[in-house]
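Numbering (my numbering), first residue to last: 11 to 167.
Where is the CB? At the ideal position from N, CA and C, for every residue including glycine.
The structure presented is a predicted model; accordingly, all values stated were derived computationally and were not measured.
Some notes on the structure that comes next.
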């Protein structure tokens, strides 16, 4: 499953101005009902915040991947935020976070969840991809960027 297939224009926030990690997560989670795939928004929020309390999902390099699995969604969902200005979010390298990609998976589909996290990690490890993501002016550009990057990766054996 491609990330672009579970990312929707309505779940993309560009140049988000937030003051805390909690505010970023709340704003991203609030975009998810627009997909029509969320059955219980409070449960999604509980799962994401509990996961974040156990261990930060900031990986360093200005990137955070908050994620969790729940029965409260009908399909996996991705939401993306670019932050302007970047904010401190307990990253291991101490660097402020400028890109947050939220992944909400289905509890009974662990394999799909892990594959999506792997794809996300691969894409975000590419400096060119991150740079284009930060320069995107519209949600449509972000979605197209994910589509193109995944298609390019899949074209190699």
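Touching by the beta-carbon criterion (3+ pairs, under 8 Å), the stretch 45-60 and the stretch 118-128: Contact between the stretch 45-60 and the stretch 118-128 is absent, because fewer than three Cβ pairs lie under 8 Å.
Buried/exposed call for residue 120, threshold 16 Cβ in 10 Å: Translated into positions along the chain shown, residue 120 becomes position 110. Counting the other CB atoms within 10 Å of its CB gives residue 120 a total below 16, which places it among the exposed residues.
Where residue 14 falls: helix, strand or coil (DSSP): One-based indexing of the chain shown puts residue 14 at position 4. When DSSP states are grouped into helix, strand and coil, residue 14 belongs to the helix group.
Contact under 8 Å by Cβ, residue 77 with residue 45: The count along the chain shown starts at 1 and reaches residue 77 at position 67. The count along the chain shown starts at 1 and reaches residue 45 at position 35. Taking 8 Å as the Cβ cut-off, residue 77 and residue 45 do not qualify as a contacting pair.
For residue 81, three-class secondary structure by DSSP: Position 71 of the chain shown, counted from the first residue, corresponds to residue 81. Collapsing the DSSP output to three states places residue 81 in coil.
Check whether residue 33 and residue 79 have beta carbons under 8 Å apart: Residue mapping note: residue 33 aligns to position 23 of the chain shown, counting from 1. Residue mapping note: residue 79 aligns to position 69 of the chain shown, counting from 1. No; because the gap between Cβ atoms is not below 8 Å, this pair is not in contact.
Cβ neighbours of residue 47 in the same chain (closer than 7 Å, five flanking residues each side left out): For this step, residue 47 is matched to residue 37 along the chain shown. Close CB contacts of residue 47 within its chain, under the 7 Å cut and outside five residues either way in sequence, are with 83, 84, 85, 87 (chain order).
In DSSP terms, what residue 111 is bridged to: Residue numbering aside, residue 111 sits at position 101 when the chain shown is read from its first letter. Answer by DSSP bridge pairing, in chain order: 90.
C-alpha distance - residue 35 paired with residue 112, whole-angstrom precision: Position 25 of the chain shown, counted from the first residue, corresponds to residue 35. Position 102 of the chain shown, counted from the first residue, corresponds to residue 112. Rounded to whole angstroms, residue 35 to residue 112 spans 8 Å at the Cα level.
Proximity of residue 107 and residue 101 at Cβ, strictly below 8 Å: Translated into positions along the chain shown, residue 107 becomes position 97. Translated into positions along the chain shown, residue 101 becomes position 91. Between residue 107 and residue 101, the C-beta gap is smaller than 8 Å, which places the two residues in contact.
Span of the beta strand (DSSP E) around residue 70: In the chain shown, the residue the question calls residue 70 occupies position 60. Note, residue 70: beta strand (DSSP E), 68-70.
Through-space distance from residue 24 to residue 37, alpha-carbon basis: Locating residue 37 in the chain shown gives position 27, counting from the first residue. Locating residue 24 in the chain shown gives position 14, counting from the first residue. Going from the Cα of residue 37 to the Cα of residue 24 covers about 12 Å.
Range covered by the alpha helix (DSSP H) that runs through residue 215: Coverage of the chain is limited to positions 11 through 167, which leaves residue 215 absent and any answer about it impossible.
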